[in-house]
Structures are given as C-alpha cells and as structure tokens.
Amino acid sequence: MKKLLALGMAAMMALSLAACGGAASSSESTSSEASTSEAATAENAGSDKTWVIATDTVFKPFEYTDASGNFVGIDVDIVAAIAEDQGFKYEMKSLGWDSAIAACQAGQADGMIAGASITQERKDSGWLFSDGYYTATQTMTVAANSDITGFDGLQGKTVAVKTGTQGAAYAESLKDQYGFQITYFEDSPTMYQAVLGGQCVACFEDTPIMQASIKDGGLALKVLEDTANEGGDYGFAIFNADNQELLDMFNAGLANIKANGTYDEILAKYLG
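If you count the sequence shown from 1, you need to add 18 to reach the working numbering.
Below, the structure is given as structure tokens:
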C-alpha cells in the first residue's frame with residue numbers, strides 16, 4: 019500500500035513539472051544537442067591543444083626553408099593538409115634530426131616528421147609510426163668528376179653519412195663487404211661538402227633528397243642510380259603513447275588527402 023502511494027505521488031509530481039516546464043523543455047533539449055555537437059567537433063579537432071611537431075628543415079624537398087625563411091616542402095604541406103582535414107592546431111619547429119628525436123623523447127614535442135624511414139629497429143627503440151606516407155630508396159653519390167662507378171671503388175676509402183639515418187644504415191651494411199670507412203655528420207649540407215671538398219669519396223642519402231639537392235643547389239655531385247637499395251616508407255612518429263590521438267588524426271587525414279587528390283598535388287608540386 020505504501021509502495022502504491024509513493025508511486026502515485028511521484029507520478030503527480032512528474033505531471034506537475036511537465037505542466038510548469040513544458041515550454042522550456044524543447045529549447046533545453048535543442049541547447050543540449052547543440053552542446054553535444056560542439057563538444058564532438060572540439061574533440062575531433064583536438065580541442066584547444068596546439069600540437070608541437072618537430073622537424074629537420076635541411077631535407078629538401080621534404081622539409082626546408084625558402085628564401086623568405088618559411089618552412090616548406092612535401093612533409094610541411096602534408097602536415098598542413100592533414101591538420102586542415104582533421105581540424106587540429108599545430109606548431110612546427112625546426113630542430114635538426116637528433117634534436118627533434120630528443121625533443122620528442124623528452125616530451126618537449128608531440129611528434130616528428132622529417133623523412134623518417136619506418137624500421138623495426140626504430141620501433142623496437144620506442145618510435146610509434148603512422149602509416150607510410152612516401153616510399154624512398156637510399157643510394158650512393160659521388161663527386162661529379164669521380165671515377166668511382168660502384169661499391170667496388172670504395173675499398174680503403176672514407177664515405178660520409180648523416181647520423182641516425184637510413185643512408186647511414188645502408189652504408190653500415192656494406193662497409194665490411196667493400197672495405198671502406200664511415201664518417202658521420204649531423205646534417206646533409208655538411209655531409210655533401212665533405213664529398214665536394216675531397217674529405218670523403220662518396221655519401222649515402224635518400225635518393226629524392228640527393229636529386230633535389232644536386233639540382234637546386236647546383237652541386238657538383240652525381241647520383242649512382244645502380245647503387246640504390248629497395249627502399250622503404252617514411253612515417254610520421256610519436257614517442258609517447260599519450261599522443262596516440264595525434265597519430266590517429268595523421269593516419270585518418272592521410273587517407274583522406276590521398277582519396278581527394280591533395281596528396282598527389284603536393285608530390286607534383288615538389289617532384290614534378
């Protein structure tokens with residue numbers, strides 16, 4: 019009996035509230051739905067967070083600084099297109115290869131894009147990669163007047179590589195077989211100068227990087243095409259699982275810009 023009485027009173031109170039607030043109920047519902055929609059949009063856009071993305075802007079045509087001091091290149095344009103597609107804000111910082119990695123590992127940057135090849139060794143050491151966004155080979159380059167035509171000409175000589183790159187890894191995989199020494203450099207321009215100046219007889223670098231550097235810089239170097247390896251994919255990377263949201267947005271945006279033609283337009287802009 020008490021239970022029935024309580025239920026009756028609850029029903030009466032509900033009817034009373036509906037009668038008093040019926041007019042406001044519809045607008046409150048609409049406001050709630052709008053708020054939910056705005057919240058979802060904000061969440062998809064990474065809210066108000068500005069992601070810090072580290073790079074190395076001496077890796078033409080993927081990232082470099084133009085005559086006006088602006089960051090440009092394939093990687094730069096890909097990030098911009100993906101950020102627009104996914105609706106997130108970011109700040110790109112040119113730190114250099116080693117410093118970009120260190121900044122991400124220290125939490126001073128959220129992600130890195132710098133023509134970084136996706137390798138198992140890097141994955142094992144803590145790199146968390148996106149889907150591949152470009153496939154590149156590595157090759158050997160010599161001075162334009164060099165009589166070296168292949169790896170056999172490196173016996174007893176010294177070659178230049180950029181520290182921590184796939185070009186370096188490629189050279190390291192060949193040095194014992196062909197009997198050459200390796201000198202490491204922190205950036206590509208210094209590495210090229212070592213070959214131009216005669217301190218090293220060759221250098222190993224990603225093929226599209228060398229081709230662009232020689233063409234645009236008028237460097238007296240030549241790429242030995244028959245020395246290229248099978249290559250691999252470049253990937254965007256994070257070093258902290260807490261930044262998985264950024265990686266997910268990169269992958270989703272990459273798929274979208276490939277589907278709508280933006281990706282091909284970016285490659286055509288820099289590679290012809």
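Cβ atoms here follow ideal geometry from the backbone N, Cα and C, with glycine treated the same way.
(message) With three or more beta-carbon pairs closer than 8 Å as the criterion, would you say the region 229-243 touches the region 264-280?
(response) Contact annotation: the region 229-243 does not touch the region 264-280, with fewer than three C-beta pairs closer than 8 Å.
(message) Quick check: the Cα distance between Tyr151 and Asp103, rounded to an integer number of angstroms?
(response) C-alpha of Tyr151 to C-alpha of Asp103: approximately 16 Å in a straight line.
(message) Taking a contact to mean a Cβ-Cβ separation below 7 Å, would you say Gly8 touches Thr155 in this structure?
(response) No information on residue 8 is available, as it lies outside the stretch 19 to 290 that the chain covers here.
(message) I need the DSSP call for Ile275, collapsed to helix, strand or coil.
(response) Here Ile275 sits in helix by DSSP.
(request) Give me the Cα-Cα distance between Ala58 and Phe106, rounded to the nearest whole angstrom. (result) Residue placement at Ala58 is flagged as unreliable, the pLDDT there being 38, under the threshold of 50; a coordinate-derived value is accordingly withheld.
(request) Select from Thr68, Lys67, Asp66 and Thr83 the residue whose C-alpha is nearest the C-alpha of Asp74. (result) Comparing Cα positions, the closest option is Thr83.
(message) For a quick check, are the C-beta atoms of Ile166 and Gly253 less than 7 Å apart?
(response) Not a contact, by the Cβ cut-off of 7 Å.
(message) Going by DSSP in three states, Glu109 sits in which element: helix, strand or coil?
(response) In the structure shown, Glu109 sits in a strand (DSSP, three-state: E or B).
(request) Spell out the partners DSSP gives Ala255 in its beta bridges. (result) As a beta-bridge residue in DSSP terms, Ala255 pairs with Met130 and Phe147.
(message) Taking 8 Å as the cut-off, does the region 109-116 touch the region 275-282 (at least 3 CB pairs, one atom from each stretch)?
(response) Touching, no.
(message) Do Thr157 and Thr245 have their beta-carbon atoms positioned less than 7 Å apart in this structure?
(response) Contact: yes.
(request) Please classify Leu298: does DSSP put it in a helix, a strand, or coil? (result) Residue 298 lies beyond the stretch modelled for the chain, which goes from 19 to 290, so this question has no answer here.
(message) Please report the straight-line C-alpha distance between Ala85 and Gln195, rounded to a whole angstrom.
(response) Whole-angstrom Cα-Cα distance: 43 Å.
(request) Count the other CB atoms, across all protein chains shown, that sit within 10 Å of the CB of Glu81; report buried if there are 16 or more and exposed otherwise. (result) The residue in question, Glu81, is buried, as its Cβ has 16 or more Cβ neighbours within 10 Å.
(message) Using C-beta distances below 8 Å, list every residue in its chain close to Leu35, excluding the 5 sequence neighbours before and after it, in chain order.
(response) Legend: pLDDT at Leu35 = 34, less than 50; position of this residue unreliable, value from coordinates given subsequently. Closer than 8 Å at Cβ, skipping near neighbours: no residue.
(request) Select from Ile100, Ala121 and Asp95 the residue whose C-alpha is nearest the C-alpha of Asn303. (result) In this structure the chain extends from 19 to 290, so residue 303 is not present and cannot be described.
(request) Would you be able to state if there are at least three C-beta pairs under 8 Å between the region 141-149 and the region 205-224? (result) The region 205-224 is not in contact with the region 141-149.
(request) Pull up the distance between the alpha-carbon of Gly133 and that of Asp93, whole angstroms please. (result) Spanning the alpha carbons of Gly133 and Asp93 requires a straight line of approximately 8 Å.
(message) Please state the DSSP three-state secondary structure of Phe198.
(response) Residue state, collapsed to three classes: coil.
(request) Can you say whether Gly271 is buried or exposed, counting buried as having 16 or more other CB atoms within 10 angstroms of its CB? (result) By the neighbour-count rule (16 or more Cβ atoms within 10 Å), Gly271 is buried.
(message) Would Ala230 and Pro79 be called neighbours here (beta carbons separated by less than 7 Å)?
(response) A contact, by the Cβ cut-off of 7 Å.
(message) On a Cα-Cα basis, can you pick out the residue from Gly129, Ile275 and Leu192 that is closest to Asn247?
(response) Closest by alpha carbon: Leu192.
(message) For a quick check, are the C-beta atoms of Phe188 and Phe222 less than 7 Å apart?
(response) The sequence given here places Tyr at residue 188; Phe does not occur at that position. Note that the C-beta distance between Tyr188 and Phe222 is below 7 Å.
(message) Rounding to the nearest angstrom, what Cα-Cα distance links Gly129 and Gly168 in this structure?
(response) Their backbone Cα atoms lie some 37 Å apart in a straight line.
(request) Could you check how far apart the C-beta atoms of Thr198 and Gln173 are, in whole angstroms? I think they sit under 8 Å. (result) Before going on, a small fix: residue 198 reads as Phe here, not Thr. Distance from Phe198 to Gln173 at the Cβ level is roughly 7 Å; contact confirmed, criterion being Cβ atoms closer than 8 Å.
(message) On a Cα-Cα basis, can you pick out the residue from Gln126, Asp149 and Val70 that is closest to Asn274?
(response) Of Gln126, Asp149 and Val70, the residue nearest in Cα terms is Asp149.
(request) Can you give me the start and stop residues for the beta strand (DSSP E) that Asp165 sits inside? (result) From DSSP, Asp165 is part of no beta strand (DSSP E); its letter is neither H nor E.
(request) State the CB to CB distance for the pair Val76 and Asp224, rounded to an integer number of angstroms; the pair is presumed to be in contact (CB under 8 Å). (result) Incorrect: roughly 13 Å between the Cβ atoms, too far for contact.
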